[in-house]
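Going left to right, the sequence shown walks through residues 5 to 321 as our numbering numbers them. First comes the structure, then the notes that go with it.
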Amino acid sequence: MRATLKDIAAAAEVTPAVVSAVLSGNGNIRCSKEKRALILDAVKRMNYRPNRAAQVLGRKSSRQIGVLHYSPQSPSIARVIGEVQKQLFQRGYHAIFGFWSTHEEAVPAFESVLSNPLDGLICAHNRLAEMIPPELPTVFFDRVPGCCCVALDYLKYLDDALDYLFGLGHRKIGFFGWRNEAHFKHFSEKLASRGGVTRPEWNPSGPSVYDNGLQMAEALVRFGELPTALLCRNDILAFAVINTLRRHRIRVPEDMSVIGFDNIEAAGYFSPALTSFGASAQDIASTLLDTLFAGPEPGETLIPLDLHIRETCLRLE
């Protein structure tokens with residue numbers, strides 16, 4: 005297998021961005037003489053050949069990077085988008101944004117962004133990949149087979165969340181607001197393999213917005229039999245669940261434990277403070293941009309998620 009820029013970075017114990025800077029002669033990124041020697045030695049030893057997409061990006065003809073993403077109404081998405089813009093500016097680039105709420109709105113968003121001269125693209129929508137020029141260096145913010153992609157390690161989150169809840173004695177667990185069939189299948193199989201129990205009524209699927217969360221939570225309460233713990237698709241759905249349970253005098257965490265996802269800032273302010281998994285917007289943005297500027301190559305980089313324990317989970321007696 006041909007050596008990649010990431011392989012060179014790993015061998016020299018530096019970031020891909022540093023390798024790219026050394027090979028392109030970019031003096032804006034500092035590198036010691038020792039590290040430079042290690043990089044050049046690894047290039048020779050591993051017979052590294054520059055990626056064509058990286059060369060295209062390296063020309064920096066427009067100093068503009070396209071960013072295509074779902075509507076940034078979600079606090080977690082808004083934080084990442086803001087951080088991408090900030091870090092691009094620090095690198096001397098400008099972002100050209102395109103957003104959408106529905107698939108129909110995505111087409112004009114793609115057309116608008118791609119009509120600009122771009123040096124690269126970050127894209128969170130793979131259904132319109134055929135619209136992207138093949139010579140344009142592109143990183144997908146999603147798991148896309150055969151493409152260069154960066155994604156949150158969602159399956160590891162499910163494993164870690166279930167491990168945490170099982171450690172607290174929970175066995176009756178639901179997955180609230182799931183949208184991805186592969187994620188739900190992984191959750192169900194992991195739960196069953198450890199002797200856990202779930203029911204269809206504990207696993208509603210739908211948009212991860214607050215109003216929809218309230219409706220799904222009301223249906224959960226009407227069902228009668230409740231799980232002892234819920235994993236929620238994001239923190240906004242967790243807030244909707246907790247507020248609905250509170251109106252029905254069902255206490256969190258005394259009667260039900262709840263875990264969110266995204267670890268938005270409000271998770272720490274909510275009452276009770278929400279236990280949640282998440283990665284920092286800074287880490288997500290830097291991983292996306294390091295991957296793009298290193299020269300996108302097929303493969304995926306998974307971003308780990310940390311558990312932030314607060315007040316919404318309790319050990320069963």
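Where is the CB? At the ideal position from N, CA and C, for every residue including glycine.
Sorted by chain position, which residues of the same chain lie with C-beta nearer than 8 Å to residue 120's C-beta, five sequence neighbours on each side aside? 66, 68, 70, 100
Starting from residue 15 and walking both ways along the alpha helix (DSSP H), at which residues does that stretch end? 9 to 16
Is residue 246 helix, strand or coil by DSSP? helix
Under 7 Å between the Cβ atoms of residue 212 and residue 241? yes
Sheet register partners of residue 94 (DSSP bridge): Residue 94 pairs with nothing; no bridge assigned.
6 Å CB neighbourhood of residue 125 in its chain, flanking five on each side removed: 70, 140, 142
Tell me, please, whether the region 176 to 186 touches the region 205 to 221 by the rule of three or more beta-carbon pairs shorter than 8 Å. yes
Any chance the region 81 to 93 sits against the region 275 to 289, with 3 or more Cβ pairs inside 8 Å? yes
Hey, residue 135 and residue 118 are a contact pair by Cβ (cut 8 Å); roughly how many whole angstroms apart? 7 Å
Judging by CA-CA distance, which residue of 122, 146, 129, 157 is the nearest neighbour of residue 137? 122
Taking residue 310 as part of the beta strand (DSSP E), name the residues at either end of that continuous run. 310 to 312
Residue of 313, 46, 106 minimising C-alpha distance to residue 257: 313
Looking at the structure shown, is residue 286 part of a helix, part of a strand, or coil, going by DSSP? helix
Beta-carbon contacts of residue 173 that lie in its chain and below 7 Å, excluding the five residues immediately before and after: 319, 320
Would you tell me roughly how many angstroms separate the C-alpha atoms of residue 229 and residue 309, rounded to the nearest one? 31 Å
Which residue from 92, 133, 93 puts its Cα closest to that of residue 107? 133
Looking only at its own chain, which residues have a Cβ that is under 6 Å from the Cβ of residue 293, when we skip the five neighbours before and after it? 91
Anyone know if the C-beta pair for residue 127 and residue 103 falls short of 7 Å? no
Return helix, strand or coil for residue 73, following the three-state DSSP convention. strand
In three-state terms, what does DSSP make of residue 232? coil
Are the CB atoms of residue 316 and residue 262 within a distance shorter than 7 Å? yes
Where the beta strand (DSSP E) through residue 192 begins and ends: Segment 185 to 197 is the alpha helix (DSSP H) holding residue 192; no beta strand (DSSP E) there.
What's the C-alpha gap between residue 39 and residue 17? 8 Å
Skipping 5 residues on each side, what residues in its chain have a beta carbon closer than 8 Å to that of residue 195? 166, 177, 201, 202
Candidates 247, 299, 303, of which the one nearest residue 278 by Cα: 247
What would DSSP say about residue 132, mapped onto helix, strand or coil? coil
Helix, strand or coil: which one does DSSP assign to residue 291? helix
Mind checking which residues open and close the beta strand (DSSP E) that includes residue 4? Outside the displayed span of the chain (5 to 321) sits residue 4, for which this structure offers no information.
In angstroms, rounded to a whole number, what distance separates the CA positions of residue 114 and residue 15? 37 Å
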